[in-house]
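Inspection log for the structure reproduced underneath, given as structure tokens.
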Amino acid sequence: MSLVRSNADKRLGYVAVDNRICVALSRARDGLYVVGNFHLFVEENATWKIIVDKIKETNLIGKGLPIMCPNHTDNQLICTNPNDFLKRPLGGCGLKCEFRLSCGHQCPSTCHISSHNSIICHKRCLKTYDDCEHQCQRVCHSPNECPPCNATVVLKMPNCEHTRDILCVMSKMNKLECAVRVPYTCPNGHQVQVRCSDLRNKELQDQLCSQPCDAILVNRLNI
Ligand SMILES: [Zn+2]
Ligand SMILES: [Zn+2]
Ligand SMILES: [Zn+2]
Ligand SMILES: [Zn+2]
Ligand SMILES: [Zn+2]
Ligand SMILES: [Zn+2]
Ligand SMILES: [Zn+2]
Numbered sequence: 004m005s006l007v008r009s010n011a012d013k014r015l016g017y018v019a020v021d022n023r024i025c026v027a028l029s030r031a032r033d034g035l036y037v038v039g040n041f042h043l044f045v046e047e048n049a050t051w052k053i054i055v056d057k058i059k060e061t062n063l064i065g066k067g068l069p070i071m072c073p074n075h076t077d078n079q080l081i082c083t084n085p086n087d088f089l090k091r092p093l094g095g096c097g098l099k100c101e102f103r104l105s106c107g108h109q110c111p112s113t114c115h116i117s118s119h120n121s122i123i124c125h126k127r128c129l130k131t132y133d134d135c136e137h138q139c140q141r142v143c144h145s146p147n148e149c150p151p152c153n154a155t156v157v158l159k160m161p162n163c164e165h166t167r168d169i170l171c172v173m174s175k176m177n178k179l180e181c182a183v184r185v186p187y188t189c190p191n192g193h194q195v196q197v198r199c200s201d202l203r204n205k206e207l208q209d210q211l212c213s214q215p216c217d218a219i220l221v222n223r224l225n226i
């Protein structure tokens, strides 16, 4: 409630009328904050002097409106001008919200009174995969499962000395074939480049040469 009167002429008007004072101060059901120039009221009006002396005894008068955060009740702020309310955005107190979200990360917001259902977590997932040593680099995607691991690994091929940069998820699959091109000289002396894994594949032995090759021709003619 605002008592509005604060003037150099020290005119209180109806704010000084006893039954008006009684009505004004007795309507509230849960609580009441009264804003006004109490120095003036005490000076000019006996009823207000009694009231103010009483509330001074109980320490219920001050220079501003105290606000406090429901999450951090000891972090009180006395607001003395309208901009002071801006120091407490989101209905909280400006401290970090330390709530642990359902994804496991800490709430990214400053202290707030709104529910956590609408908070979007932008932290990285960083969950370690079960079948490799990498961590999921995606932005938090709870409760959806992590996508396949897309870290790059240097993989040594199973049957040769070649290595290859490959996505981790691919390295978890079986059936890896070395695709490195290696030189091959066929029985007829043709020098060609073939896939390393083909060179090792017995079934492909007579098809490795890409040149018109008598060896194959002879072979095929004999069938
Ligand atoms: Zn708070
Ligand atoms: Zn929060
Ligand atoms: Zn991985
Ligand atoms: Zn999260
Ligand atoms: Zn993930
Ligand atoms: Zn190889
Ligand atoms: Zn050949």
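Add 3 to the 1-based position in the sequence shown for my numbering, that's all there is to it. Don't be surprised by glycine CBs; every beta carbon is placed ideally from N, CA and C.
Self-check item: Proximity below 8 Å, CB of VAL172 to CB of CYS152
Solution: In contact: VAL172 and CYS152 (Cβ atoms closer than 8 Å).
Practice problem: Kindly examine ligand 3 and report whether one of its heavy atoms sits closer than 7 Å to the Cβ of CYS171. | Solution: yes
Quiz item: Does at least one heavy atom of ligand 2 sit under 7 Å from the Cβ of HIS125?
Solution: no
Quiz item: Given a threshold of 16 other Cβ atoms within 10 Å of its Cβ, counted over all protein chains shown, does PHE44 qualify as buried or as exposed?
Solution: buried
Quiz item: First and last residue of the alpha helix (DSSP H) that includes LEU43?
Solution: Run containing LEU43: 41-47, per the alpha helix (DSSP H) assignment.
Practice problem: Excluding the 5 residues preceding and the 5 following ILE278 in the sequence, name in chain order all residues of the same chain whose CB lies nearer than 7 Å to its CB. | Solution: No information on residue 278 is available, as it lies outside the stretch 4 to 226 that the chain covers here.
Self-check item: Beta-carbon contacts of CYS96 that lie in its chain and below 6 Å, excluding the five residues immediately before and after
Solution: CYS72, HIS75, ASN78 and CYS114
Quiz item: What separation, rounded to the nearest whole angstrom, lies between the Cα atoms of HIS108 and GLN138?
Solution: When rounded, the distance between both Cα atoms is 15 Å.
Quiz item: Residues in its own chain within less than 6 Å of ARG167 by CB, not counting five upstream and five downstream?
Solution: LEU158
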